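Below you'll find the structure, written out as C-alpha cells, and then a few comments.
Residue numbers (this note's numbering): 1 to 532.
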C-alpha cells in the first residue's frame, strides 16, 4: 500500500510539472539571475506571468507565452518601491512618470513631509481614469490637514480644531491612506506641538497605518528631533518611518553614528522604527527653510509685511546670520543652489553667492548681501533649492544600516525643465552602480531588499516586493555590470542606464530600454480602506 501511495505521489508531481511545462502564459522571462527581494543569493530560473501575477518560477524550458523576454543572464528583481516621493503636483500631467520608471521604480509612495491630497477618493479616481505607469499609494499629510482646519495660524489647536483634524485623518485612512506623514520644519507643521501629532498618529494606528516623518530638525537639534519622533511612536503605538535620515550642516558631519545608535536602542526597547534616505550628500527643498519659522506665519500678506518692515527684516537677517555657522563650511551661501525660480530662470543652476554677485554687479560680496538676495527672492515668489549640506561619510554609514531603505524624495519631472536634484532620475541606479558595484558598501542582494521587500513590508503592501508565485508581476531586469545613474547636479536631466526591461502588473512598460507608453499602474490603498 505504501509503495502504491509513493507511486501515485510521484505520478502527481510528474503531471503537475508537465502541466507547468506545457502551460501557455501571458509573459515568460527566460534565462534570468533571480534576486527575489529577500536578500537571499541569486539563482537562475525562468519566471512565468499570467493575468498580471507571477504564477511559476523555475526551469520552464518547454513552456510557451504570448510574449517571451530573454533576460540574457541579467538580474531579474522585483520592481523598486520608492517610499518617499512628492508626485501630486505633476502626476496627472505626466502619468508615465518616466524619470521613475527608467530608474526601475514600479511603485511610488507619495503624500510625504506632511503634504498630501485631502480628498483621496477623488485623487485615486482621477489616477484610475487617466491611467498611470507606476503603482501609487499615499500617506495623509499633517500639514495639509492642519491647513484645512487652521490655515497658517501659529498657535495650538482648540479641542474642537484637534477633533476636526482627527476626523479628517480618519476619513483619509478610510479612503485608503497608508498612514500619517508630517513635515515639522514646514509651515504650518512647524507650529504643531508633539501632542497634536500624537492625536493624529493614534487615528492612523487604529487603521493599521504608519507614521512617516520629516523630523523637526535634521541639524544641530537632530537628537532632540529623534527623541520626539520616538515619543510619538511610543505613545501612539504606531510604526514609524524617519524620512530622508541625514546629518545636515557642516558642524554636524559625523553625527550619523550617534543617530543610528539611538535608533538601534529604540528598536531594542521595542519601538518599531526604520529609516529611508536618498543616496546623495545634498538635499532639496524650498528657499523658505532658510528663514525662521515665525517669519512665515499667517499667510503671504503677513510674510510680505515682515520682509518689507525694516525692523523685522533686520531681525530676520540677524537670525539667518547666526545659523550660517552650522550650515556651511565657508560661512556663506555657496552651498545653496537654485533648482527652480520662476521670477528669473537665469538664476537656475547658480548658488546664492553667485546670484548675489550677479545681482549687485560685484565680484566680492558679504553674507548680509546674500541674505538680502534670499529675501528678495522670497518676495518674488520663492524658489526650489538644492542644498549641498551633508557628508559622503554620513550618507554611506546610513546606507550600510540594515534599517535603511532607498528613496528619492522627488517628484515627476518634465525632461529638460529647470535644474532639479538628480535624485529624481537616478537614486536606485546610483545605489546599484556606485555603492554596490564600485564602492562595495553593501551586497547587491541587500541593496535590492532595501528597494523592494523591505519597503513593501513597511507600508503594508503584502503582494509586492518579492518574486514569488501569487505576487503582482512588478519586475525590473538590469545588467549589474553597467547599471549606473547618469544624472548629475550640473546636468540632472538624464535617465539611468543598464535597465533593459520594467514590468508593472505583468505589463511591459520599458522594453529594451524604451518606455512603451503603457499605463498599467494601480492605486494602492491602505489596510483601513473602506469602500465609499
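Positions of the beta carbon are idealized from the N, C-alpha and C atoms, including for glycine. Predicted, not measured: the structure shown is a model, and the values here were computed from it.
- Per DSSP, reduced to three states, the secondary structure at residue 378 is helical.
- Contact between residue 502 and residue 97 fails: their C-beta atoms lie close to 11 Å from each other, not under 8 Å.
- Scanning its chain for C-beta atoms nearer than 6 Å, with the 5 sequence neighbours on each side dropped, one finds around residue 218 the residues 246 and 248, in chain order.
- Secondary structure of residue 78 (DSSP, three-state): strand.
- Per the coordinates, the alpha-carbon of residue 435 lies some 7 Å from the alpha-carbon of residue 442.
- In this structure, the CA atom of residue 53 is about 15 Å from the CA atom of residue 68.
- Assignment of residue 46 by DSSP, reduced to helix, strand and coil, places it in the strand class.
- Boundaries of the beta strand (DSSP E) around residue 32: 24 to 34.
- Residue 127 is classed as buried because its beta carbon has at least 16 other beta carbons within 10 Å across all chains shown.
- For residue 422, the number of other beta carbons within 10 angstroms of its own is at least 16, and it is reported as buried.
- If you draw a straight line from the Cα of residue 258 to the Cα of residue 517, it is about 46 Å long.
- Boundaries of the beta strand (DSSP E) around residue 105: 105 to 110.
- If you draw a straight line from the Cα of residue 390 to the Cα of residue 290, it is about 16 Å long.
- When DSSP states are grouped into helix, strand and coil, residue 511 belongs to the strand group.
- Counting only runs of at least 3 residues, the segment 314 to 378 fully encloses the following beta strand (DSSP E) elements, listed from N- to C-terminal order: 336 to 340.
- Taken in chain order, the whole alpha helix (DSSP H) runs of length 4 or more contained in the segment 82 to 160 are 98 to 101, 120 to 130 and 142 to 150.
- Checking the DSSP bridge columns, you'll see residue 457 has no partner listed.
- Taking the C-beta atoms as reference points, residue 140 is found nearer than 7 Å to residue 180.
- Only exposed fits residue 415, as fewer than 16 other CB atoms lie within 10 angstroms of its CB.
- Here residue 480 is not near residue 405, since their CB atoms are 7 Å or more apart.
- Uninterrupted beta strand (DSSP E) stretches at least 3 residues long and entirely within the segment 386 to 450 occur at 404 to 406, given in chain order.
- Apart from the 5 residues on each side of it in sequence, residue 401 sits with its Cβ closer than 6 Å to the Cβ of 260 in its chain, given in chain order.
- Contact between the segment 343 to 358 and the segment 377 to 390 is present: three or more C-beta pairs spanning the two stretches fall below 8 Å.
- Boundaries of the beta strand (DSSP E) harbouring residue 504: 499 to 504, taken from the DSSP string.
- Across the structure, residue 105 and residue 125 are spaced so that their CA atoms are roughly 22 Å apart.
- About 4 Å separates the CB atoms of residue 451 and residue 80; that is less than 8 Å, so the two are in contact.
- Close CB contacts of residue 279 within its chain, under the 8 Å cut and outside five residues either way in sequence, are with 395, 399, 406, 423, 427, 430, 431, 434 and 435 (chain order).
- Counting the other Cβ atoms within 10 Å of the Cβ of residue 204 gives 16 or more, which makes it buried.
- Distance from residue 306 to residue 295 at the Cβ level is roughly 5 Å; contact confirmed, criterion being Cβ atoms closer than 8 Å.
- Distance from residue 144 to residue 184 at the Cβ level is roughly 14 Å; contact not present, criterion being Cβ atoms closer than 8 Å.
- In this structure residue 61 is exposed. Its beta-carbon is surrounded by fewer than 16 other beta-carbon atoms within 10 angstroms.
- Counting only residues of its own chain and dropping the five nearest sequence neighbours on each side, residue 187 has a CB closer than 8 Å to the CB of 143, 152, 288, 293, 296 and 297.
- In the DSSP assignment, residue 307 falls within the unbroken alpha helix (DSSP H) covering 300 to 308.
- Minimum Cα-Cα distance from residue 233 among the listed residues 202, 208, 365 and 484 corresponds to 202.
- Sequence-distant partners of residue 319 (beyond 5 residues in either direction) whose C-beta falls short of 6 Å from its own C-beta, in its chain, are 292.
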